[in-house]
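Student: In terms of this note's numbering, the sequence shown opens at residue 107 and continues consecutively.
Virtual Cβ for every residue (Gly too), placed ideally from N, Cα, C.
These numbers were taken from a predicted model, which means no experiment stands behind them.
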Amino acid sequence: MTEEVQMYLEDTKEKMEAAVDHLENELVKIRAGKANPSMLNGVIVDYYGSMTALSQVANLSVPDPRTIAIQPWEKAMIGPIEKAIMNSNLGFNPDNNGEVIRINIPALTEERRNDLVKQSKSECEHAKVSIRNARRDTNVELKKLIKEGLSEDLEKDAEAEVQKFTDAFGKKIDDLFADKEKDIMTI
Numbered sequence: 107m108t109e110e111v112q113m114y115l116e117d118t119k120e121k122m123e124a125a126v127d128h129l130e131n132e133l134v135k136i137r138a139g140k141a142n143p144s145m146l147n148g149v150i151v152d153y154y155g156s157m158t159a160l161s162q163v164a165n166l167s168v169p170d171p172r173t174i175a176i177q178p179w180e181k182a183m184i185g186p187i188e189k190a191i192m193n194s195n196l197g198f199n200p201d202n203n204g205e206v207i208r209i210n211i212p213a214l215t216e217e218r219r220n221d222l223v224k225q226s227k228s229e230c231e232h233a234k235v236s237i238r239n240a241r242r243d244t245n246v247e248l249k250k251l252i253k254e255g256l257s258e259d260l261e262k263d264a265e266a267e268v269q270k271f272t273d274a275f276g277k278k279i280d281d282l283f284a285d286k287e288k289d290i291m292t293i
């Protein structure tokens, strides 16, 4: 294959990997009823005027399966951390005793579990759309290369390679969904 075709293939693979990475990050945010510090990954705290990740200003731990404990490195940060958690729209209600902030994770109802599975499925569908868009964009570029002198055999080989990427990443997304669904539905 020509260098230009190889470049398109590598670019396509990178785009597909980015879509799967983004999906993994989104699935982590969907809570499955068990406490996990990564549920708070998106929380940004106002640290003396600078917006900082929660993990950079406090120690996060899970003392039991239904509780996340947040131990700020500075006592003055308890208020801003609590405020950031409340403003994060994660549905958590932090409780602080002046030294440690605790977040109790309520047990999920069957209805809520089904909603979370639907939300996970939706995120997976968005990732699949991103992968298909990357495939389409690459195939359009390959068609343009034919007009510039690329042989049809090379173009067909490249399209087959792109389809292999699409199938592999589609399978990975399906596996991620199956794992997340199992995680959510496990009581």
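1) Assuming residue 206 and residue 177 make a contact with CB atoms under 8 Å, what is their CB distance in whole Å?
2) What is the rounded straight-line gap between the Cα of residue 110 and the Cα of residue 183?
3) Closest to residue 181 by CA distance: which of 168, 112, 164 is it?
4) Beta-carbon within less than 7 Å of residue 287's beta-carbon, same chain only, minus the 5 sequence neighbours each way: which residues are those?
5) Starting from the C-beta of residue 141, find all residues in its chain whose C-beta is less than 8 Å away, skip the five residues before and the five after it, and write them out in chain order.
6) Taking the alpha-carbon positions, what's the residue 195 to residue 146 distance?
7) Thinking just about the alpha-carbon of each residue, which of 121, 159, 122, 144 is nearest to the one in residue 132?
8) Do residue 282 and residue 129 count as a contact pair if the criterion is CB distance below 9 Å?
9) What is the rounded straight-line gap between the Cα of residue 259 and the Cα of residue 114?
10) Can you tell me whether residue 260 is helix, strand or coil according to DSSP?
11) Please report how far the alpha carbon of residue 263 lies from the alpha carbon of residue 270, in whole angstroms.
12) For the pair the region 231-244 and the region 271-280, tell me if three or more CB-CB distances fall below 8 Å.
13) Is the beta carbon of residue 228 within less than 8 Å of some heavy atom of the ligand FAD?
14) Of the residues 250, 185, 199, 241, which one's Cα is nearest the Cα of residue 120?
15) By a C-beta neighbour count over all protein chains shown, 10 Å radius and 16 as the cutoff for buried, is residue 284 buried or exposed?
16) Got a sec? Which residues, its chain only, sit under 7 Å from residue 252 by beta carbon, not counting five neighbours each side?
17) Using alpha carbons as the reference points, say which of 159, 126, 292, 124 lies closest to residue 216.
18) With DSSP as the reference, identify every bridge partner of residue 158, one or two as the case may be.
Tutor: This is what the structure holds:
1) Right, their Cβ atoms sit about 5 Å apart.
2) Answer to the nearest angstrom: the Cα atoms are 53 Å apart.
3) Nearest option by C-alpha distance: 164.
4) Closer than 7 Å at Cβ, skipping near neighbours: 223, 226.
5) Once the five neighbours on either side are set aside, the close Cβ partners of residue 141 are 168, 170, 171, 172, 173, 174, 209, 211.
6) Between residue 195 and residue 146, the C-alpha separation is close to 11 Å.
7) Comparing Cα-Cα distances from residue 132 to each of 121, 159, 122, 144, the minimum goes to 144.
8) In contact: residue 129 and residue 282 (Cβ atoms closer than 9 Å).
9) For residue 259 and residue 114, the distance between alpha carbons rounds to 16 Å.
10) Shown here, residue 260 sits in a helix according to DSSP, grouped into three states.
11) Cα to Cα, the separation comes out at about 11 Å.
12) Remark: three or more beta-carbon pairs, one from each stretch, lie closer than 8 Å, so the region 231-244 and the region 271-280 are flagged as touching.
13) Although the ligand FAD was asked about, the structure shown includes no ligands whatsoever.
14) Closest option to residue 120, Cα to Cα, is 241.
15) Exposed, since its Cβ has fewer than 16 Cβ neighbours within 10 Å.
16) These residues qualify, in order along the chain: 258, 261.
17) Cα-wise, what sits closest to residue 216 is 292.
18) DSSP lists 151 as partners of residue 158.
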